[in-house]
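Asks:
Residue numbers (this note's numbering), protein chains in the order written: chain U, -10 to 491; chain L, 58 to 203; chain A, 4 to 509.
1) Relative to the alpha-carbon of residue 169/A, which residue among 180/A, 154/A and 179/A has its alpha-carbon at the smallest distance?
2) Tell me, please, whether the CB atom of residue 183/L is closer than 8 Å to any CB atom in chain A?
3) Hey, which unbroken runs of the alpha helix (DSSP H) at 4 residues or more fall wholly within the segment 159 to 204 of chain A?
4) Among 405/U, 219/U and 159/U, which residue has its Cα nearest to the Cα of residue 209/U?
5) What residues from chain A crowd round residue 132/U, counting only those whose CB sits closer than 7 Å?
6) In whole angstroms, what is the alpha-carbon distance linking residue 46/A and residue 156/L?
7) Using only alpha-carbon positions, find the residue among 34/U, 332/U, 2/U and 256/U that is nearest to residue 116/U.
8) Does any C-beta atom of chain C lie closer than 8 Å to the C-beta of residue 154/L?
9) Just to confirm, are residue 79/L and residue 110/L a CB contact at a threshold of 8 Å?
10) Whole angstroms are fine: how far does the CA of residue 268/A sit from the CA of residue 134/U?
11) Quick check: the Cα distance between residue 486/U and residue 311/A, rounded to an integer number of angstroms?
12) For residue 216/U versus residue 306/U, is the C-beta spacing smaller than 8 Å?
13) Short of 6 Å in beta carbon distance, which residues of its chain neighbour residue 359/U, apart from the five on each side in sequence? Order them along the chain.
14) Just to confirm the assignment, what range does the beta strand (DSSP E) spanning residue 65/A have?
15) Would residue 413/U be called buried (16 or more neighbouring beta carbons within 10 Å of its own) or exposed?
16) Which residue from 175/L, 132/L and 148/L puts its Cα closest to that of residue 163/L?
17) What residue ranges within the segment 219 to 256 of chain A form continuous alpha helix (DSSP H) runs of no fewer than 4 residues, ordered along the chain?
18) Considering only their Cβ atoms, is the gap separating residue 241/A from residue 248/A smaller than 8 Å?
19) Exposed or buried, what is residue 361/U when buried is set at 16 or more other beta-carbons lying within 10 Å of its beta-carbon?
20) Please name the residue in 321/U, 431/U, 42/U and 264/U whose C-alpha comes closest to that of residue 391/U.
21) Which residues bound the beta strand (DSSP E) around residue 62/U?
22) Please name the residue, chosen from 203/A, 131/A, 476/A and 393/A, that lies closest to residue 356/A on a Cα-to-Cα basis.
23) Check whether the Cβ atoms of residue 388/A and residue 467/A lie closer than 8 Å to each other.
24) Quick check on the burial criterion: 16 or more other C-beta atoms within 10 angstroms. Buried or exposed for residue 61/L?
25) Can you give me the Cβ contacts of residue 328/U inside the same chain, cut-off strictly under 7 Å, excluding the 5 residues immediately before and after it?
26) Over the uninterrupted alpha helix (DSSP H) stretch that includes residue 184/U, give me the two end residues.
27) I'd like to know whether the C-beta of residue 91/L is nearer than 8 Å to at least one C-beta of chain A.
28) When the cut-off is 8 Å and only beta carbons count, does residue 22/A lie next to chain L?
29) Would you say residue 180/L lies against chain A (beta-carbon separation less than 8 Å)?
30) Suppose the cutoff is 7 Å on Cβ atoms and the five residues either side in sequence are ignored; what does the same chain contact list for residue 426/A look like?
31) State the Cα-Cα distance for the pair residue 200/L and residue 118/A, rounded to the nearest angstrom.
32) When the Cα atoms are used, what is the spatial distance from residue 510/A to residue 461/U?
33) Counting only Cβ pairs nearer than 8 Å, list the residues of chain U close to residue 413/A.
34) What residues from chain A crowd round residue 143/U, counting only those whose CB sits closer than 9 Å?
35) Three or more beta-carbon pairs under 8 Å between the segment 474 to 494 of chain A and the segment 80 to 95 of chain A, yes or no?
36) Might you give, ordered along the chain, the residues of its own chain that have their beta carbon closer than 7 Å to the beta carbon of residue 264/A, omitting 5 neighbours on each side?
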């Protein structure tokens, strides 16, 4: 059978859905089940790659399924922004799957089948979001993503897990139904369409303060972008197992949020319309505040995962800030940030998980000297930190570069300061983890008399206590990838430049 | 009630005429005031009087709940059946014109049948209500036994 | 033959259940009664679909009973509005009847079962009659047929819980008051217009609007129907009645009886009294808007604190009626289509939800929220159905609830009432809370030790899933339902149906 763009689009949605079914059916046999997961992830990635290639060759892939409401179909379109997101999500799914297998088995978690099924459904909805051809389709998959990740957050079924999952679901559903749905219907009412169109659909349909209000409904409605004050679900969701955190923070959920933010800015409002109407000005300040405030909170957290969670909130605000700049550089920077942050943060989370699997430690203060026992994990953590901070040679450097350029373009000098300040804060909350790991003695070493000439900061192979290999290889891989992104950045920028009119 | 001789005798005498009056009301409904509803109630009143005076078990001997239930259903079927008959004969639902060759005769037949159905159902239903209420004590005793 | 069937279809939909009901009472055999009921409801469903197709293709139909042409005789008048209501009633009737075999078998003693089916069919016939008739007094008769039989079937829950008796009694009292008010209203109109045919009334009322009688009649009719509709604050009979009735009855009534009462109110507001009379001169919106909003919030809030799932869903129903009332209050076509759409959509989701709860009752014997502990794993299909139904109630996309909400909010925007739009979406968040309470208990609490609960049998699951899947199908592909609802709203608004020639007799 020849691969057509329509078929590829259907497959990209169907593969994870069928995979979920397959996982459910093979649940009784773990090895087979895991094989299905990996196979599905691989197949999905291949299909997305095919779509990428098709797109690069100049092909257009669209698919209209059926009319959900009269004149309002469920439709899919492949465009550069969506491809980037789909690539990130499907690519990292493979890595996360490998890692999950190691983690879930290493920790002997219960309900593994449910976990993998929900994971696959979440991925299907992420792909749906990525390729959505109109806002209604996007909203549809956005909500499916929320619901399908709920069981993942509540995975442990402890009272804390339940409370966390409640907050997770509560905030995401509240914002999406209360604001996003209202914004959607308002847009439909004003513009008579919800199709994504380059340059936006709202220009000329709506004016005055209403633009800013509608824009605010969108921005706060996309709770997955975790703009202050609707960021609480991310720290709350930290109760979940680490692969879930990876899914939330890197693969699908928050990325879906900021991706939607970008989509709305580029295809619903249009960057030019945003810039002209000044509707996004306020967003800059909210984003800047989110950025700094949550970085400061992150510094105060001792729990590694909580610290990373607040770091995510702050890093997401970079994307929103890029949108708030309402300039092409801002959009490019935002897109780069999606990629760079995904790779960086997934590395950090998988490292945190590996540490937990190997030592059952969750607090940073307990992690003294662990770096020498787990050099690979901590090495990967260091590279991931670089990317989050924005140091070369990691992808994060580029996204920050574009954002600063965008801020300079629009003469937002304060924003340049904010971006720089936040990077400094990132150093403050990430580097100590690594430094403690490598340079401080192990907690139980202090009292013990050491033989003469014993260097505590030397790595001794004989003392290494790494997590299972399934948990160590994936973070190392993503760490390497985030370095590679540094070199691939100009290509990515060129790839998405058509949508910002460069 | 076994000692109230006057009551028993009068009741026995009354039951027949009441029934006859019920039938009069039933079939006179075609020409004057009356009809199935009134006739049904009057007819049932006769039997209820019998039941009051001669005990419920005596009434149930020939008008058991099961029987009454079936009779009620039959009356009801007669009504709806006429409606279907008119449709089968080529008219609309309850269009009596089609029940006979002559529309006027058809109207007569139709209204008589319909009212008969109503009368039967109403009488049966009245009796059912009476028997169920009057028999409540018996029913609960039966439950206690079980 | 087919042509004859088609020509008599409006009356057949009512007459066939009316004919089958005494058969069940005559041959008192449970299996026979169920088979007859099943066949009849399935046929009624097919017939109602056929009728809907006819109406959508060829416009309104009129059929009259006996040899008396309207406005003297009883007329059955069908347009898109009542056709869709007939589909709801017959469709839900067929599904719940399929479900009844096992459920009624367990909940009602063998001896009473045939009579149960008799009353059930009678109720169905009454509801279909209310929906189909174009005669105001005939509507009252059918309303009473359906009400009286529904008191009976609700009271039949007494075999499991004696409280069903008092609930049925309360409903009887309230329902009778409602019916009396209605008939008083009709009487008043009759005194000034001399007619009982709705279309004829509509034509005559125009000249008489300024008299005192007409507004008084309007008020009586509206309050009477609002009682049957369980419109806040006239809803007090509903929670108990739904809680203690047998499962099948709850599902059937929740999905149909309030819908039919809602339809009747629409018919009077728009067709008989005309929209501008109701809204502009009698300022109905100032009554409906606040009552709808209060219902949405107050009843949802009460639902949150229920410890009985059936009662929880019952309160949710009152809140959902609030949405319908709200849609009417807009006084525009979009709002009205949202109401009609929600009549249909809510029937699907509430029916499905009550049937899912019924599966739980079947296995655990209880509908308290505690009985749901750990059922996520023990009854996966049942609980999955409950979750999907619950999501529809919340109004998430890809479910019917979303479609209703979309049009409700859109109507609010058209009216320029954006705070109302926000309130609508906000109230659906309350649904998140009460649904999620159940979901959390079912999935995240361990089952009580030593109690093994099996999944419900297929004969229960299938009907339940038919409704639940319909929730999804009409949520993903709402094109047909929206089109029908919009046609219905248009016909209510702009075409009082005057001058429609009666359907040709055979």
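Glycine included, every Cβ here is placed at the ideal spot set by N, Cα and C. Since the structure is predicted, the reported quantities are computational estimates derived from the model, not experimental observations.
Replies: Looking at the coordinates:
1) The residue from 180/A, 154/A and 179/A with its alpha-carbon nearest to that of residue 169/A is 154/A.
2) So no, residue 183/L is outside the interface.
3) 166 to 196
4) 219/U
5) 399 and 400
6) Whole-angstrom Cα-Cα distance: 27 Å.
7) The residue with the shortest Cα to Cα distance from residue 116/U is 2/U.
8) The structure shown contains no chain C; its protein chains are U, L and A.
9) no
10) 40 Å
11) 57 Å
12) yes
13) 426
14) 64 to 67
15) exposed
16) 148/L
17) Within the segment 219 to 256 of chain A, complete alpha helix (DSSP H) segments of at least 4 residues are found at 241 to 247, given in chain order.
18) no
19) Burial call: buried.
20) The candidate whose alpha carbon is nearest that of residue 391/U is 321/U.
21) Taken as a continuous stretch (DSSP letters only), the beta strand (DSSP E) holding residue 62/U covers 61 to 66.
22) Minimum Cα distance to residue 356/A is reached at 393/A.
23) yes
24) exposed
25) 73, 77, 384, 474 and 481
26) Element bounds for residue 184/U: n/a, residue is neither H nor E.
27) no
28) yes
29) No, no contact with chain A.
30) Residues of the same chain with a CB within less than 7 Å of the CB of residue 426/A, apart from the 5 flanking positions on each side, are 296 in chain order.
31) Because residue 200/L sits at a pLDDT of 48, beneath the cut-off of 50, its placement in the model cannot be relied upon, and the point is left open.
32) Residue 510/A is absent from the structure shown; chain A starts at 4 and stops at 509.
33) Chain U residues near residue 413/A: 174, 177 and 178.
34) 443, 446 and 447
35) Yes, the segment 474 to 494 of chain A is in contact with the segment 80 to 95 of chain A.
36) 228, 231 and 232
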